[in-house]
Amino acid sequence: MEVNDVDKGGTPAYPNFFIVGAAKSGSTSLWMYLKQHPDIFMPEDIRMKEPAFFCKINGVHHHEGQEDRYLDLFSDAGDCKAVGEASTTYLTYPESAAWIQRVVPDAKVIVILRNPVGRAYSLYRWMVNHGHEWLTSFEAALEKEPDRRTDAEFFSGNPHTFYDYLYFESGLYSEQLARYFGVFPASQIKVILLDDLYRKPLETTREVYAFLGVDDSFEPEIKVHNKAEYRPASIRLHFLLSRLKHRYRHTRRGHLAEILFDLNISLFKLKWPKIDDAVRARLAEAYRSDIQATQRMTGKDLSAWLD
7 MEVNDVDKGG TPAYPNFFIV GAAKSGSTSL WMYLKQHPDI FMPEDIRMKE PAFFCKINGV
67 HHHEGQEDRY LDLFSDAGDC KAVGEASTTY LTYPESAAWI QRVVPDAKVI VILRNPVGRA
127 YSLYRWMVNH GHEWLTSFEA ALEKEPDRRT DAEFFSGNPH TFYDYLYFES GLYSEQLARY
187 FGVFPASQIK VILLDDLYRK PLETTREVYA FLGVDDSFEP EIKVHNKAEY RPASIRLHFL
247 LSRLKHRYRH TRRGHLAEIL FDLNISLFKL KWPKIDDAVR ARLAEAYRSD IQATQRMTGK
307 DLSAWLD
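Under the numbering used here, the first residue of the sequence shown carries the number 7, and numbering increases by one thereafter.
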């Protein structure tokens, strides 16, 4: 039976394709284009875009005993030929590839990659804007990364976002891709580039349609998603307000913290500066050998990333 069929008891089965990352590389845009196709089903609610079922957080599988709840995300798939989800943690979490392969051996895997330098800075901005990062400069966060990587206390204190703090390391694509190529045949893996999705969105999306075995003549509505956000007026205050609004959730104090959290960005409309040229050059050189390895592994021309 196809993995998107229901079993004899009427329970929906696992999805048959996964967008596994990379984070901040266009997965939301791709998700929007794919779910428009009449033969593709993905959870409609963007809050359910990344269920992260196939990974553990701080050594704990937070979906333990909730398989039915996960599968219920796909209960409305009907006769759709391709049923999928998009959890970018599956690329960075070391065990996800083998885990997915064990459960859904015929799954198709989609990876969308972006120049790792721009991706790292974009991830830092996202972490700041969502109240997870308190270091006030990208350079400081990069310098702190090795200490964070080996700090068990930091890991346990930030279990849900730990890998997102690894701004540099999470852009080392070759090792992450190798985990998928090591357990899935190449015919079940599709690697695309954010550059292509932006430059030629219809052509690139149709390539993915063909990969998923659905009608690739379908034309989705193309629009820009995940537009750049303004930065907080105070990064450290933003982090503190984030903690307060979660700690005192559903209380008056938490509601006030949430209002101030939003105003810290919306009131001042401060634009994020471009990445410092020296930092960009340093990162580009640090990524060079991994970009070359990724190029060999995927067959993609990544020469623009090496300039």
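A virtual CB, placed ideally from N, CA and C, is assigned to each residue, including glycine.
Given the structure is predicted, the values throughout are model-derived calculations rather than measurements.
{"Query": "Residues sharing a beta bridge with arginine 237, DSSP", "Result": "Leu276"}
{"Query": "Rounded Cβ spacing between phenylalanine 24 and isoleucine 116 (contact assumed at less than 8 Å)", "Result": "7 Å"}
{"Query": "Same chain only: Cβ atoms within 6 Å of arginine 120, ignoring 5 sequence neighbours per side", "Result": "Ser31 and Leu200"}
{"Query": "Element boundaries [beta strand (DSSP E), containing glutamate 91]", "Result": "88 to 92"}
{"Query": "Beta carbon of lysine 196 nearer than 8 Å to that of tyrosine 236", "Result": "no"}
{"Query": "CB of glutamine 194 within 8 Å of CB of leucine 97, strictly", "Result": "no"}
{"Query": "Reference lysine 251, options His136, Pro57 and Ser33, closest by Cα", "Result": "His136"}
{"Query": "Beta-carbon spacing of leucine 218, lysine 150 below 8 Å", "Result": "no"}
{"Query": "Top-ranked residue by Cα proximity to serine 81, from Trp132, Glu50, Gln42 and Arg242", "Result": "Glu50"}
{"Query": "Within-8 Å CB hit, aspartate 268 to chain D", "Result": "The question asks about chain D, but that chain is absent: this structure has only one protein chain."}
{"Query": "Of the residues Lys229, Thr304 and Thr211, the one placed nearest leucine 221, counting alpha carbons only", "Result": "Here the sequence assigns aspartate to residue 221, which means leucine is not the residue at that position. Comparing Cα-Cα distances from aspartate 221 to each of Lys229, Thr304 and Thr211, the minimum goes to Thr211."}
{"Query": "Whether serine 309 touches leucine 203 by CB criterion (8 Å)", "Result": "no"}
{"Query": "Inter-residue spacing [alpha-carbon to alpha-carbon] between histidine 261 and aspartate 268", "Result": "11 Å"}
{"Query": "For valine 26 and serine 93, the rounded distance between their alpha carbons", "Result": "5 Å"}
{"Query": "CA nearest to the CA of glutamate 56, picked from Gly177, Leu246 and Glu91", "Result": "Glu91"}
{"Query": "Other residues of its chain near glutamine 301: CB distance less than 6 Å, five sequence neighbours each side excluded", "Result": "Leu308"}
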